[in-house]
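Asker: Please see the structure below; I have some questions.
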Amino acid sequence: MLIFEKVSLLKNHISYSKKQGKSIGFVATMGALHSGHVSLVRQAKQRDSIVVVSIFVNPTQFNKQDDLVKYPRNNERDKRLLDEVDCDIVFIPSVEEMYPNKVESEDINLEGLDKNMEGTYRTNHFDGVATVVKRLFEIISPDRAYFGLKDFQQYLIVKHISNVLKLGPEVIGLEIERNEKGLALSSRNERLSESEKEEALIIYQSINWAKKNYQNLSPQNLINKLKLDFEKSNLDLEYIEICDPLSLNPIKHWSEYKEARIFIAANLGKVRLIDNDSLF
Ligand code: PAF
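In case it helps, this note's numbering puts the sequence shown at residues 378 to 657.
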């Protein structure tokens, strides 16, 4: 497994590999890898000849300095894990390599996809994500980029910028990896105790309840019912939304849309958890 820290060296290597007819698969991460990331790498390996994983804790997507400082970092462990799954290249740039001029987001039109849900609670978060993903795509020139659907809004935004800015890669969304009880895997889960992981299951249970019962309730009544359940829990709910998975417009009547997706975000202590799934 090759490790690159410098943009110029990685670019040279990739352009040489492309000339040899190799396809490039890319998995963007902020490190603290878990089996969700490993699964993305495995699926990328099935389709592409060379898989590049980036590890970069992107400062412009954090709106709370505290969250950036506390974000789990363990590059040595991450590199071992990636080596075990036959990752070909790891890119670990410094902040200066990724932001040579100023550490700030570019002004990229996200056409409102960033306005609700995560966008409401994490101001400018998606400007930072779009900026860094655009730069990573420009450096790595992947044929395909693999993103987990746990961050569905992020996946949609990345797909959007990749199309509109003609960045090149096909953006592929892969199903959410869960632990044996259903909790969506996340780097932040590392900060939950075993009993907190049990409490956090209310998110997954709510999603499953919605999938089974949505036909008997209006979208708003469904949301209200689930909110009452959260009030009885130790989780501090940020939002439950039911949206069209293409525009992310909130759904008021089931009949208006062909597809619907439920999204939940909640805090357990200082750990923020998100999850989502398709209702139909
Ligand atoms: O999902 C993440 O880990 C980050 O938002 C990403 C896509 C690596 C950009 O920093």
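Here a beta-carbon is modelled for each residue, glycine too, at the ideal position from N, C-alpha and C. Please read these numbers as outputs of a predicted model, since none were measured by experiment.
1. Starting from the C-beta of V462, find all residues in its chain whose C-beta is less than 8 Å away, skip the five residues before and the five after it, and write them out in chain order.
2. What does the Cβ neighbour count give for E552, buried or exposed, with the cut at 16 atoms within 10 Å?
3. I need the straight-line Cα distance from Y532 to E576, nearest angstrom please.
4. Pick out every residue whose C-beta is nearer than 6 Å to a heavy atom of the ligand PAF: which are they, in chain order?
5. Please state the DSSP three-state secondary structure of V430.
6. How long is the line joining the alpha carbons of L569 and R424, rounded to whole angstroms?
7. Would you report the Cα separation of V510 and P622, rounded to the nearest angstrom?
8. According to DSSP, Y525 sits in a beta bridge with which residue or residues?
9. Decide if V535 is buried, meaning its Cβ has at least 16 other Cβ atoms within 10 Å, or exposed.
10. If I follow the unbroken beta strand (DSSP E) through D654, where does it start and stop?
11. Could you check if V548 is buried or exposed, using at least 16 other CB atoms within 10 Å of its CB as the buried criterion?
12. How long is the line joining the alpha carbons of G505 and E483, rounded to whole angstroms?
13. In terms of residues, what are the limits of the alpha helix (DSSP H) holding L417?
14. Tell me whether the beta-carbon of F439 lies closer than 8 Å to the beta-carbon of P470.
15. Touch check for the stretch 607 to 615 and the stretch 633 to 652: three-plus C-beta pairs under 8 Å?
16. Give me the Cα-Cα distance between Y498 and E488, rounded to the nearest whole angstrom.
17. Relative to the alpha-carbon of K588, which residue among N451, F514, V472, N653 has its alpha-carbon at the smallest distance?
18. Just reading off the beta strand (DSSP E) that D613 is part of, what are its end residues?
19. For the putative contact between K456 and I380, defined by C-beta atoms under 8 Å, what is the C-beta separation to the nearest angstrom?
20. Measure from the alpha carbon of H630 to the alpha carbon of each residue in K543, E567, L599, then state which is nearest.
21. Determine the direct distance from the alpha carbon of H390 to that of N601, and round the result to whole angstroms.
22. Terminal residues of the continuous beta strand (DSSP E) containing R568?
23. Mark N435 as exposed unless 16 or more other C-beta atoms lie within 10 angstroms of its C-beta, in which case mark it buried.
24. Would you kindly check if the distance between the Cβ of E573 and the Cβ of L562 is under 8 Å?
25. State the Cα-Cα distance for the pair E571 and L578, rounded to the nearest angstrom.
26. Do E636 and M494 have their C-beta atoms within less than 8 Å of each other?
Answerer: With the structure as the only source:
1. The residues are V415, V418, R419, K422.
2. Per the 10 Å Cβ criterion, exposed.
3. For Y532 and E576, the distance between alpha carbons rounds to 27 Å.
4. Those residues, listed in chain order, are A405, T406, M407, N435, Q438, V506, V509, V510, D528, Q531.
5. V430 falls in the strand class under three-state DSSP.
6. Roughly 34 Å separates the two Cα atoms.
7. Rounded to the nearest whole angstrom, the C-alpha separation of V510 and P622 is 21 Å.
8. A quick correction: the sequence has Gly, not Tyr, at residue 525. According to DSSP, G525 bridges with L551.
9. Burial state of V535 is buried, judged by a 10 Å Cβ sphere holding 16 or more other Cβ atoms.
10. Run containing D654: 648 to 655, per the beta strand (DSSP E) assignment.
11. It counts as buried.
12. About 8 Å.
13. Its alpha helix (DSSP H) spans residues 412 to 424.
14. Using a Cβ distance threshold of 8 Å, F439 and P470 do not count as a contacting pair.
15. Contact between the stretch 607 to 615 and the stretch 633 to 652 is present, because at least three Cβ pairs lie under 8 Å.
16. For the pair Y498 and E488, the Cα-to-Cα distance works out to about 18 Å.
17. Cα-wise, what sits closest to K588 is N653.
18. First-last of the beta strand (DSSP E) with D613: 613 to 620.
19. Contact flag correct, Cβ pair sits at about 7 Å.
20. Closest option to H630, judged by alpha-carbon separation, among K543, E567, L599: L599.
21. For N601 and H390, the distance between alpha carbons rounds to 53 Å.
22. Where R568 is concerned, there is no enclosing beta strand (DSSP E), given that its DSSP letter is neither H nor E.
23. With 16 or more other Cβ atoms within 10 Å, it is buried.
24. For L562 and E573, no; Cβs fall outside 8 Å.
25. Near 11 Å, if we compare the C-alpha coordinates of L578 and E571.
26. Not in contact: E636 and M494 (Cβ atoms no closer than 8 Å).
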